Every structure is written in C-alpha cells, then in structure tokens.
Amino acid sequence: MKNVNTNTILQIVALLFLVIIGYMSFSSGSKWEIIEQQLNITQQELKTSEETLKTTKAALENSREEFEKMRLQKDLLIHKRDSLIFDFKRKNAKDWEELQRIKDSIKFTNDKLAEDKALINSLFGIN
C-alpha cells in the first residue's frame, strides 16, 4: 500500500509541475508577442530616424556648398571694391613712389580677383 501511495503522490506532483509549466508557457507567450510588437515599432522608428538623418545630412551639405559660394561672391565683391579704390587713388596720386605702390596693389588685387572669378565660375559650372 505504501508503494501505491508514493506512486500516486509522485504522479500528482508531476501533474502539478506540468500544470505550472503549461501555465507559464501560455502566460509568457503573450509577453513575447508584446515584446515582438515593441521591437517592430522600434525598428520602424529607427528606419524613420535613419531617413531623417540622411535627409538632414544632404541638406547640410547643400547649405555648406551654398555658404561657400556666397563667401566667394563676397570676396569677389570686396576685391572689385578694392580695385576701384586703388584705381581712384592711382588717378589722384601725387608722386611716383606712391603711384608704384598703388600699381603693385592694383596688380595684386586684380590677380586675386581673377583667381576668385575662376573659382566661382568652376563652382557654378561655368567654363
């Protein structure tokens, strides 16, 4: 009799473990679904963030190029202004040495102006 009671008790304990394992399996399945849904949402948000980052990077690069073009145009205007000022001073120079210094300044400014024009033309694709 004692053997039967021990077997019955072991069967009940085994059945109880199966019930507990079955309950944990079914209850954890819904948790895995929630985790999977959250991972999918996070993955889509990550894709959206990557696209936004690429778009922002492209816009930043375009802005940098536009800024560089504007800086070169500003330099070109400054050199044109300096050329006009030197030309005016050359016409109003009183002595030969001052005229030579102004002439050298005009040559340097005109050279720089030609370089800047070539650089701007290359940026705008003008040959």
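Mapping of the sequence shown onto the UniProt record's numbering: residues 1 to 127, in sequence order. Every residue, glycine too, gets a C-beta built ideally from N, C-alpha and C. Note that the structure is a prediction, hence the values are computed from the model and not measured.
> Does DSSP classify residue 95 as helix, strand or coil?
Replying inline: In the sequence shown, counting from the first residue as 1, residue 95 sits at position 95. Note: residue 95 maps to coil in three-state DSSP.
> Is DSSP giving residue 22 helix, strand or coil here?
Replying inline: As a first step, residue 22 must be located in the sequence shown, where it is residue number 22. DSSP, read as helix, strand or coil, puts residue 22 in helix.
> From residue 120 to residue 107, what does the alpha carbon distance come to, in whole angstroms?
Replying inline: Looking up residue 120 in the sequence shown gives position 120. Looking up residue 107 in the sequence shown gives position 107. It is roughly 20 Å from the alpha-carbon of residue 120 to the alpha-carbon of residue 107.
> What is the rounded straight-line gap between the Cα of residue 15 and the Cα of residue 27?
Replying inline: As a working note, residue 15 is residue 15 in the sequence shown. As a working note, residue 27 is residue 27 in the sequence shown. The straight-line gap from Cα to Cα measures roughly 18 Å.
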